[in-house]
Every structure is written in C-alpha cells, then in structure tokens.
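Residue numbers (the UniProt record's numbering): 1 to 197. Even for Gly, the Cβ is constructed at its ideal location relative to N, Cα and C. A quick note: this is a predicted structure, and the numbers were derived from the prediction, not measured.
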C-alpha cells in the first residue's frame, strides 16, 4: 500500500504584471447612457496594477480601484446604447469592426447591491480584446487585493485622488475629510496637495 502524503497544496501568488500597452494608455470613447454623453479619453493602468484611470480632453482624471472591478466584458455581453442617436455618435468615422466588439464594459461593485457599469469604445476590436483580458486578469489577481496601495513611490497620497476613488460614497468621504480638517469638495487645495505616509 502506498503511503499517503498530507493534503497540503501551496498556491503561489504572482504579483500583478501590467503590460506596456496598459501603462502607456490607449485612446477610447467613454459614453454614458443616463447622461447621453460621449467623450474621448485616454485609458491607463498604473505600473503597480492597482488603479484604472482615464483622462479627458480637459485633463480631468478619474480613478477606479481595480479591486472594485467584478467583470470586464467585450462583444455580445457588453452594454450597448439603447438610444439611436447615441449609437450613431459611437459608430462613426474610420473605426474598424463591429460596435459591440469594440466595446469594453467594466462592471464595478462595492457591495452586492450597488453595481455600476463603465462603458468605453476602442478604435479596433483587437485593442478592446487586449484591454478586456488584461483588466480582468489584474482585477482578479489575489495578491494585488492584499498589497498596500496607499502611497506612491515617493510616499505621497494626493487628497483629491481619495475623493475620486470613493466617488460612489462621496458625501461620507467629504464628511470624513472635513472632520480631519482636510480639504473636501471644490476648495483650493494648494495647501493640502498631499499627505506623507
């Protein structure tokens, strides 16, 4: 009779690896059906694979913690615009491929009830597929869910990034910042640009 080995299995966690494509960023069109808005953005991921962020033409940047991402979709399972006028705005120009195959829908949730979708459109199907696969891989990386992401390489936290990160719960964040005597809302933050860790 063969001797049995104890049922111990080691799971080796790999740190997130962000491709050069995601670090350098790609041009997308971000659309919002509720607001009927379409805006060109540059979509990027930070070198550590913690955050997805996009910058619009006015240089305004929005930030999303990748641990909040539950799914990333392209093709038939994406959200497509119902409004015909919005659909026409998105399916114009020299864009290559079917609209659905160029879409990237990022599904986020802070809990089981508050589920949101961010919708982006790439200029080509291959680009959408690469972003979809790599974003999902980063968002489902178990090791990155437990790494410290509270500081940059130089040990600085930008206060306005904290508010953007928790935009779904903005009022509570503003109240917490106010109680700590930190800037909140649309105030001059020149004296409070960063918090050293």
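How is residue i classed by DSSP in three states: helix, strand or coil?
i	result
residue 62	strand
residue 182	coil
residue 177	helix
Leaving aside the five residues before and after residue i along the sequence, list all residues of the same chain whose C-beta is less than 8 Å from its C-beta, in chain order.
i	result
residue 87	80, 81 and 99
residue 109	68, 70, 115 and 116
residue 76	100
residue 66	45, 49, 50, 51, 52, 135, 138, 139 and 144
residue 78	100, 103, 104, 105 and 119
Once you ignore the five residues that flank residue i on each side, which residues in its own chain have a CB closer than 7 Å to its CB?
i	result
residue 132	72, 73, 74 and 104
residue 127	26
residue 90	29, 31, 38, 81, 99 and 121
residue 83	33 and 36
residue 93	Because residue 93 carries a pLDDT of 49, less than 50, the predicted location of this residue cannot be relied on, and the following value inherits that uncertainty. Correct list: empty, nothing qualifies.
residue 55	41, 42 and 61
Within the same chain, show all residues whose beta-carbon is closer than 6 Å to that of residue i, passing over the 5 residues directly before and after it, in chain order.
i	result
residue 107	70, 71 and 117
Practice task
Return the chain-ordered ranges of every beta strand (DSSP E) run that is complete within the UniProt domain "PLC-beta PH" (18-146) and spans a minimum of 3 residues.
Solution key: The beta strand (DSSP E) runs lying completely inside the UniProt domain "PLC-beta PH" (18-146) and spanning 3 residues or more are 26-32, 37-45, 51-56, 61-65, 69-73, 103-109 and 115-121, given in chain order.
Exercise for the section: Could you tell me whether the segment 43-53 touches the segment 126-144, using the rule of 3 or more Cβ pairs below 8 Å? Expected result: Remark: three or more beta-carbon pairs, one from each stretch, lie closer than 8 Å, so the segment 43-53 and the segment 126-144 are flagged as touching.
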